[in-house]
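In my numbering, the protein residues as written are 5 to 242.
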Amino acid sequence: MATIAPLKFLTVPALSKHTATVVFVHGLGDTGHGWKPVADMFRSEIPHVKWVLPHSPLMPVKANGGMVMPSWFDILSFGFDSEEDKSGMLKTVHSLNQLITAEVDAGIPANRIVLGGFSQGGAVTLLTGLTAERRLAGLAVLSGWLPLRGSFKSMISDHATSVPIFWGHGTSDPLVKHDLAVKSTEFLRDNIGVPTAPATGEPKGLSFNSYAGVEHSTNQKELDDLQAWLKKALPAVD
Numbered sequence: 005m006a007t008i009a010p011l012k013f014l015t016v017p018a019l020s021k022h023t024a025t026v027v028f029v030h031g032l033g034d035t036g037h038g039w040k041p042v043a044d045m046f047r048s049e050i051p052h053v054k055w056v057l058p059h060s061p062l063m064p065v066k067a068n069g070g071m072v073m074p075s076w077f078d079i080l081s082f083g084f085d086s087e088e089d090k091s092g093m094l095k096t097v098h099s100l101n102q103l104i105t106a107e108v109d110a111g112i113p114a115n116r117i118v119l120g121g122f123s124q125g126g127a128v129t130l131l132t133g134l135t136a137e138r139r140l141a142g143l144a145v146l147s148g149w150l151p152l153r154g155s156f157k158s159m160i161s162d163h164a165t166s167v168p169i170f171w172g173h174g175t176s177d178p179l180v181k182h183d184l185a186v187k188s189t190e191f192l193r194d195n196i197g198v199p200t201a202p203a204t205g206e207p208k209g210l211s212f213n214s215y216a217g218v219e220h221s222t223n224q225k226e227l228d229d230l231q232a233w234l235k236k237a238l239p240a241v242d
């Protein structure tokens, strides 16, 4: 793979001793700054967590008439049922793994790192977290979908079925349809073997959470649920 420039990113430092990291990936047309208010809001409940909020490169997006905007890969159709930009996705996977490596090199083990993302960021979160050599503490997918389903099974890592996944999706999402999210989670369960999370206890398996009436966005209930899941996935340590 040709040399890929490291991603630029925004850091929200831990309030207390840094023992865990969340890397959160924004959606199409956004930047890391768009998720800083969420990181700021969560800090009092998980003060040991540092947030890394990367900014995507700028590129033309075919589904938006070729308009140049922040994007993690080209989107050919908002139906998400046409050919996908596999090479663009894999470049982003490489870049996100670089960010994770930097955290590991700085002393935060992979099992103390959660990778998450919204929409397009959720798609690359799944692709990165379920194919990487390192097993992360968990993956958080908001309004996302599973990309590259035709070849995904051949790409997964040995630990793909053991990574906890929080998935939140609005039932009224007009862009990434709720039905696509349901089909994505069914694919993970039926074709990959990802188990369904238990209702209580430590985060294990896939927890799929629907939010009635929510469109392509989040609401406070979803953020509260995500925060509660993060507290379990990245518990405080001495």
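Glycine is no exception: its CB is placed at the ideal position from the N, C-alpha and C atoms.
Close-in-space but distant-in-sequence residues of the same chain around residue i (CB under 7 Å, 5 per side omitted)
i                 : result
leucine 238       : Ala24, Ile50, Val53, Arg116, Val118, Ala141
phenylalanine 212 : Trp171, Thr189
leucine 62        : Val72, Met73, Pro74
Residues that residue i bridges to, as DSSP identifies them
i                : result
phenylalanine 13 : Pro58
glycine 172      : Leu146, Asn213
proline 207      : According to DSSP, which records beta bridges pairwise, proline 207 is partnered with nothing at all.
isoleucine 117   : Thr25
threonine 200    : Leu210
Reduced DSSP secondary structure (H/G/I, E/B, other) of residue i
i                 : result
glycine 70        : coil
phenylalanine 28  : strand
methionine 5      : Only weak support exists for where methionine 5 lies, its pLDDT of 48 falling under 50; the value from the coordinates is given anyway. DSSP places methionine 5 in coil when its eight states are reduced to three.
valine 241        : coil
valine 53         : strand
phenylalanine 122 : strand
methionine 45     : helix
valine 180        : coil
Proximal residues to residue i (C-beta, below 8 Å), its chain only, five neighbours per side dropped
i                : result
phenylalanine 82 : Ala67, Leu179
Residues near residue i by beta carbon distance below 6 Å, same chain, minus five either side
i            : result
glycine 125  : Val29, His30, Gly31
methionine 5 : Reliability of the predicted coordinates at methionine 5 is poor, the pLDDT of 48 falling under 50, and no value is obtained from them.
Cβ distance (whole Å) where residue i is taken to contact residue j below 8 Å
i           : j          : result
serine 166  : serine 147 : With 8 Å as the limit, serine 166 and serine 147 do not qualify as a contact, their Cβ atoms being about 24 Å apart.
valine 108  : valine 128 : Incorrect: roughly 19 Å between the Cβ atoms, too far for contact.
proline 168 : lysine 208 : 6 Å
leucine 103 : valine 27  : 6 Å
glycine 120 : leucine 94 : Incorrect: roughly 19 Å between the Cβ atoms, too far for contact.
CB contact flag (residue i, residue j, <8 Å)
i             : j             : result
leucine 130   : valine 145    : yes
arginine 139  : histidine 163 : yes
alanine 201   : leucine 210   : yes
serine 99     : isoleucine 8  : yes
glutamate 206 : glycine 174   : no
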